[in-house]
């Protein structure tokens, strides 16, 4: 097996697996930010999602129940952000940080008895024999339900945001809440919905991380992926269509940094670990150099300038 | 991060206050990570529980998730004010804070894990797990069909580099042709990366994985799922991956801690560097998993007996570097400085230390 084979064999599916939890969180945060709200609490929502999903799966033996529990838990935690930001007009950054810490603490406390529990989880959705197919065989054979769900959620959310009346209303609120109100929309209600939807999706991302991807619960296991998702929203230029390439870029770079080591690439591991961040920064710089800087919702700028 | 630290110190204050009244027999424990990580911190917490069980009338306080910052001084001071007369600072980066605080509280005894500095009332304890990891490597070398081993580790520091080399040397003692491919994850705890690193190694044909991250649990469970094997470290996780775990090198801090505490209480304690190993039982070779055959078990146990009887030394020549250059000629033992600052891989390891 050559170095090239080792990198390519299973690389695509490994990139997809890495990108899956990130995609859920990223799509959710993109939709939230489209209405003019930033939620830094994503990291905490991922953690409670992961913890609750793992607990549910361990207790009932059904990973689907786990996904549902994770989604609900993420949404419940994001309700704190909604209440603070929309209800009391609290500073969005402070509120997001509070949600992050709350999620970290709650998941650590209630998750401590789950460490080391074993769960039965998803199997590949296609028969094993598919793996022998040339080129894409290993990718198709490695597909689990959460990977497929992550891939599907991208076009659904994009079409919904760009092609439906409610999507239009959400975008309008993000551009200018005043104008949206004048046009008959209720900005507060829409922002609450957007925060809760973001919470639901990030909870689902956490569930994918613990129940499907690692089949482990560990305190703080999201290891910064929530913050990365907040950053990748900019790389994806607040466009749900671009969330998947952005998540795949990051997940792919992460998978590559590990695979290059198994292929004896003889590159310093410290440099390899920078790869996902360097790649994201490079894309960000490239797209901004090419202009169209103003893809951020105008309402979001009000948050930044305040 | 500031906020996170504040939250932690709040939790720590409550935990210490809840533990309540002062007593000459109160002992404080501080962990850098979760006490239930099923890894390094759990091993120290098992030691704490052993102390509480073994010495009647002893009460322990423990606080988890304390970063290696000035925060640890504050936690130690609060413990002392709550009556702790002995403090176990269990993480490497706590050393300078323990030394500093030792000057301020001369009547309190401090025990630090792994440090190389002493104070008038600051001692250290640590144990050398190389022998046990070498024996685990023998199991790996014997069980591997592909001759390709993997090792998933957090950071290229000497303690970890030693483990990787010891693992490889043990495996080569059984099958001289084996190689160990190293994957660094760049973090002590990142289950997603650990799982992905394991998957990458397995895809590349590796069929036994050694590890040195915070806890072996994710890697062991990934190995169990993919039908390959692991050699663990810090805490035995065989019950979570019964087929995959071959054996492991676990800590057994309890007896050392009890001995020190008894000495301190009797007034005979003098600060020193206490160093344990496989011989004195501070490091334990975990029970073998079902994949290790009787013949292999016998040869590993025979080698273990040789180590215990000082008839075999892991770090002795001939040893060669990755590129074939000589490290030690045949029959020569490795000098202490070289061992403690190890920054090279032996022949058969695939990867970079940089």
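Residue numbers (the working numbering), protein chains in the order written: chain L, 956 to 1261; chain Y, 6 to 359. Ideal placement from N, C-alpha and C gives every residue a C-beta, glycine not left out. Just so it is clear, the structure is predicted and the values come from calculations on it, not from any experiment.
Please report the residue range of the beta strand (DSSP E) in which residue i lies.
{"i": "residue 157(Y)", "result": "153 to 158"}
{"i": "residue 280(Y)", "result": "278 to 281"}
{"i": "residue 128(Y)", "result": "127 to 132"}
{"i": "residue 89(Y)", "result": "89 to 94"}
{"i": "residue 189(Y)", "result": "184 to 189"}
{"i": "residue 1061(L)", "result": "That residue, residue 1061(L), is in no beta strand (DSSP E); its alpha helix (DSSP H) goes 1047 to 1066."}
{"i": "residue 99(Y)", "result": "Per DSSP, residue 99(Y) belongs to no beta strand (DSSP E) and is neither H nor E."}
{"i": "residue 290(Y)", "result": "288 to 290"}
{"i": "residue 34(Y)", "result": "31 to 35"}
Quick check: the Cα distance between residue i and residue j, rounded to an integer number of angstroms?
{"i": "residue 1192(L)", "j": "residue 1243(L)", "result": "10 Å"}
{"i": "residue 1076(L)", "j": "residue 1014(L)", "result": "12 Å"}
{"i": "residue 140(Y)", "j": "residue 325(Y)", "result": "20 Å"}
{"i": "residue 194(Y)", "j": "residue 322(Y)", "result": "35 Å"}
{"i": "residue 183(Y)", "j": "residue 85(Y)", "result": "51 Å"}
{"i": "residue 998(L)", "j": "residue 1031(L)", "result": "14 Å"}
{"i": "residue 349(Y)", "j": "residue 355(Y)", "result": "11 Å"}
{"i": "residue 87(Y)", "j": "residue 77(Y)", "result": "15 Å"}
{"i": "residue 165(Y)", "j": "residue 1131(L)", "result": "55 Å"}
{"i": "residue 80(Y)", "j": "residue 114(Y)", "result": "15 Å"}
{"i": "residue 346(Y)", "j": "residue 116(Y)", "result": "23 Å"}
{"i": "residue 241(Y)", "j": "residue 1201(L)", "result": "39 Å"}
{"i": "residue 1148(L)", "j": "residue 1033(L)", "result": "10 Å"}
Examine chain Y for any beta-carbon lying closer than 8 Å to the beta-carbon of residue i, and answer yes or no.
{"i": "residue 1037(L)", "result": "no"}
{"i": "residue 973(L)", "result": "yes"}
{"i": "residue 1011(L)", "result": "no"}
{"i": "residue 1078(L)", "result": "no"}
{"i": "residue 1032(L)", "result": "no"}
{"i": "residue 1073(L)", "result": "yes"}
{"i": "residue 1224(L)", "result": "yes"}
{"i": "residue 1063(L)", "result": "yes"}
{"i": "residue 1256(L)", "result": "no"}
Which two residues bound the contiguous alpha helix (DSSP H) that contains residue i?
{"i": "residue 1243(L)", "result": "1224 to 1244"}
{"i": "residue 234(Y)", "result": "Element bounds for residue 234(Y): not the alpha helix (DSSP H) but the beta strand (DSSP E), 234 to 239."}
{"i": "residue 333(Y)", "result": "Per DSSP, residue 333(Y) belongs to no alpha helix (DSSP H); it is in the beta strand (DSSP E), 331 to 333."}
{"i": "residue 1153(L)", "result": "1142 to 1162"}
{"i": "residue 327(Y)", "result": "Unbroken run through residue 327(Y): none, as it is neither H nor E."}
{"i": "residue 1198(L)", "result": "1195 to 1217"}
Under 8 Å, Cβ to Cβ, is there at least one residue of chain L near residue i?
{"i": "residue 245(Y)", "result": "yes"}
{"i": "residue 226(Y)", "result": "yes"}
{"i": "residue 165(Y)", "result": "no"}
{"i": "residue 355(Y)", "result": "yes"}
{"i": "residue 242(Y)", "result": "yes"}
{"i": "residue 140(Y)", "result": "no"}
{"i": "residue 204(Y)", "result": "yes"}
{"i": "residue 248(Y)", "result": "no"}
{"i": "residue 88(Y)", "result": "no"}
{"i": "residue 220(Y)", "result": "yes"}
{"i": "residue 6(Y)", "result": "Confidence at residue 6(Y) is low in this model, with a pLDDT of 43, below 50, so its placement is unreliable and the value that follows should be read with caution. No, because no Cβ of chain L sits closer than 8 Å to the Cβ of residue 6(Y)."}
{"i": "residue 24(Y)", "result": "Caution applies to residue 24(Y), whose pLDDT of 49 falls short of 50 and renders its modelled position unreliable; the value that the coordinates give is listed next. Output row for residue 24(Y): interface = no."}
{"i": "residue 391(Y)", "result": "The structure shown has nothing for residue 391(Y), since chain Y only spans 6 to 359."}
Can you tell me whether DSSP reads residue i as helix, strand or coil?
{"i": "residue 989(L)", "result": "helix"}
{"i": "residue 258(Y)", "result": "coil"}
{"i": "residue 118(Y)", "result": "strand"}
{"i": "residue 1180(L)", "result": "helix"}
{"i": "residue 69(Y)", "result": "coil"}
{"i": "residue 1129(L)", "result": "helix"}
{"i": "residue 316(Y)", "result": "coil"}
{"i": "residue 230(Y)", "result": "helix"}
{"i": "residue 43(Y)", "result": "coil"}
{"i": "residue 355(Y)", "result": "strand"}
{"i": "residue 64(Y)", "result": "strand"}
{"i": "residue 1076(L)", "result": "coil"}
{"i": "residue 1174(L)", "result": "coil"}
Buried or exposed: residue i, going by 16 or more other Cβ atoms within 10 Å of its Cβ?
{"i": "residue 216(Y)", "result": "buried"}
{"i": "residue 1036(L)", "result": "buried"}
{"i": "residue 277(Y)", "result": "exposed"}
{"i": "residue 1126(L)", "result": "buried"}
{"i": "residue 1256(L)", "result": "exposed"}
{"i": "residue 1064(L)", "result": "exposed"}
{"i": "residue 1044(L)", "result": "exposed"}
{"i": "residue 972(L)", "result": "buried"}
{"i": "residue 54(Y)", "result": "exposed"}
{"i": "residue 1057(L)", "result": "buried"}
{"i": "residue 970(L)", "result": "buried"}
ask   = Got a sec: which bits of the stretch 1159 to 1178 of chain L sit with their beta carbon under 7 Å from any beta carbon on chain B, in order along the chain?
value = The chain labelled as chain B is not found among the protein chains of the depicted structure, namely L and Y.
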